[in-house]
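Counting in this note's numbering, the final residue of the sequence shown is number 483, and the numbers go up one at a time with none missing.
Cβ coordinates follow ideal geometry from the N, Cα and C atoms, glycine included.
Everything numeric in this text was worked out from a predicted model, so none of it was measured.
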Amino acid sequence: MCSSFPPTYPPMPLEPFSLSELRTIYTTGENATLEWLGDAMIAAAVYLCVHRLTKDPDSRALRSEGVTGYMLSAPFLAHIALLYELHLHDYLPLLHCNINDMPSMVRMSDVFEAYVGAGAVRWGYESTLRWLDILFTPWAAHLSATETIAAKVTSTVRRGYEDWINKDPEGSISPLNPLVVEKSSDTEIALASAILPDRRRLLLNGLPTWPTVDLSTVVLPLDYPPSLPPFRLEHVSVLSDAMTDIFCRVHFGEETGCNTGYRLVGERLYQLVLTKVAVTRLSSDTPAELDEARLECSNPQLRARLALSLGLHEQVRTLRRDGDESKESSVVCCHALYALASVIYLHLGCHVLVTLFEDLLSPWVVAAGTETLRVDPSAENRRQNRLKQQQATLKLSTGSVSQGKTADKAITWDRYVTLIPKQTRARVPHCGRNVL
């Protein structure tokens, strides 16, 4: 590594963080939203970096815990925090333990995520992603180059393909249909899609074979859903790969492009824009409430219907038997949505991606924040557990007052931890002594 590493952030001539911003970055509880945002930023940056450094868009490295998993782990991020000397500004060792103690690994990982989140809010998402790309490149390049070469098609995918074939082993497979595009100018094309009323109907009803999901409680703008941006003529090939299901590669051979790599990158980009919208539109919500809203909007059936609203079900290229008019599965449509997000970011830019997906996701995020969108079971479980915790905490505090207990009485660490929301407990260091 050169002497200029790690790259300075924020880059000159931008002003550094203010004391107030630094205080928020380091303060447990107050930094939870920034940490949540930073986590999504880092995940997107790691996958984008690995994707850029590997020639094959279906690179095994993207799916490998040896590359992306390592770079998203707490030990790695904690060491990156040390590179930026974030441990020198941490107040917790001085406040709770000993001035000579180093902050814990988990603490430094969380602080770095909050640092990244604060940077995105202050200086913009695109500039922060560029900084992270430069920062992560040496490790991504090394790990991607040394990753053990393995089959591009995982055993799980191959078993799924074999199950599909075995349902009708004698049936003949139709050739892949070409991508359906409309030439809007000498240099631009558009993905063909249904007219607006039909797209809204598909969004609310899904396809005939899909599970029923009630989305009627959500108020949508009259011009919803948004239209896809125009692409250039040279994007036909990557768009075709992005709309091609992995089963096609298994059946037709590895020379057939598919959307696995694009999908994995696009899934992180989707989560990043979703997190950005949640932080912006639900600014008064707690991190736990934000997480519930994000879970609602990450529901597979909702994501698949968003793909329908953009007309992607008409574009996906998947295996079909001759004469088969069956509709696409929700999983295939989800994958196409993610792959499209990746192609838009890589070839049209961050601003185009954010503009499209903010318009696509904002009504659902707002509805999830007001609890008019309730389609995801895991989000509902989180919501019920949070409400139970709040009731238990209120009952505990009421009981303490009625028994005449003083506010400054120390309580044990174990009892203190039970009062902290489960998702933030790891952020509070255990110094082996009573607190409060």
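Secondary-structure assignment with DSSP links Lys230 through a beta bridge to Ile236. Ranked by Cα distance from Val378, the options Phe404, Gly207, His282, Ser232 are led by Gly207. About 6 angstroms separates the beta carbon of Cys295 from that of Leu366, a gap short enough to meet the 8 angstroms contact definition. Ser263 and His360 have their C-alpha atoms some 21 angstroms from each other.
Taking every protein chain shown into account, the CB of Leu124 has 16 or more other CB atoms within 10 angstroms, so this residue is buried.
Put simply, the backbone Cα of Asp86 is about 30 angstroms away from that of Leu250.
A contact is defined here as three or more CB-CB pairs under 8 angstroms, and the stretch 164-174 fails this definition with respect to the stretch 185-195. Thr419 sits in coil when the DSSP states are folded into three classes, being neither helix nor strand. As a beta-bridge residue in DSSP terms, Ile220 pairs with Arg368.
When Ser274, Ile72, Arg328, Gly308 are compared, the shortest CA-CA separation from Leu355 is found for Ser274. A distance below 8 angstroms separates the beta carbons of Arg364 and Asn224.
Exposed is the label assigned to Lys435, since fewer than 16 other Cβ atoms lie within 10 Å of its Cβ.
Around the C-beta of Ala439, fewer than 16 other C-beta atoms lie within 10 Å, and the residue is accordingly described as exposed. Boundaries of the alpha helix (DSSP H) around Tyr309: 307-328. Rounded to the nearest angstrom, the gap between the Cα atoms of Arg99 and Asp288 is 16 angstroms. Taken through DSSP and simplified to helix, strand or coil, Phe183 comes out as helix. Closest by C-alpha distance to Arg433, out of Val413, Arg315, Thr333, is Thr333. Val265 sits close to Ala414, with the two beta carbons spaced by under 8 angstroms. When rounded, the separation of the alpha-carbon atoms in Arg421 and Thr291 is 31 angstroms. With a threshold of 16 other beta carbon atoms within 10 Å, His282 meets it and is buried. The Cβ neighbour count for Asp137, taken over all protein chains shown within 10 Å, is at least 16; the residue is labelled buried. Within the same chain, Cβ atoms closer than 6 angstroms to the Cβ of Glu375 are found at His360, Val363, the five residues on either side in sequence being excluded.
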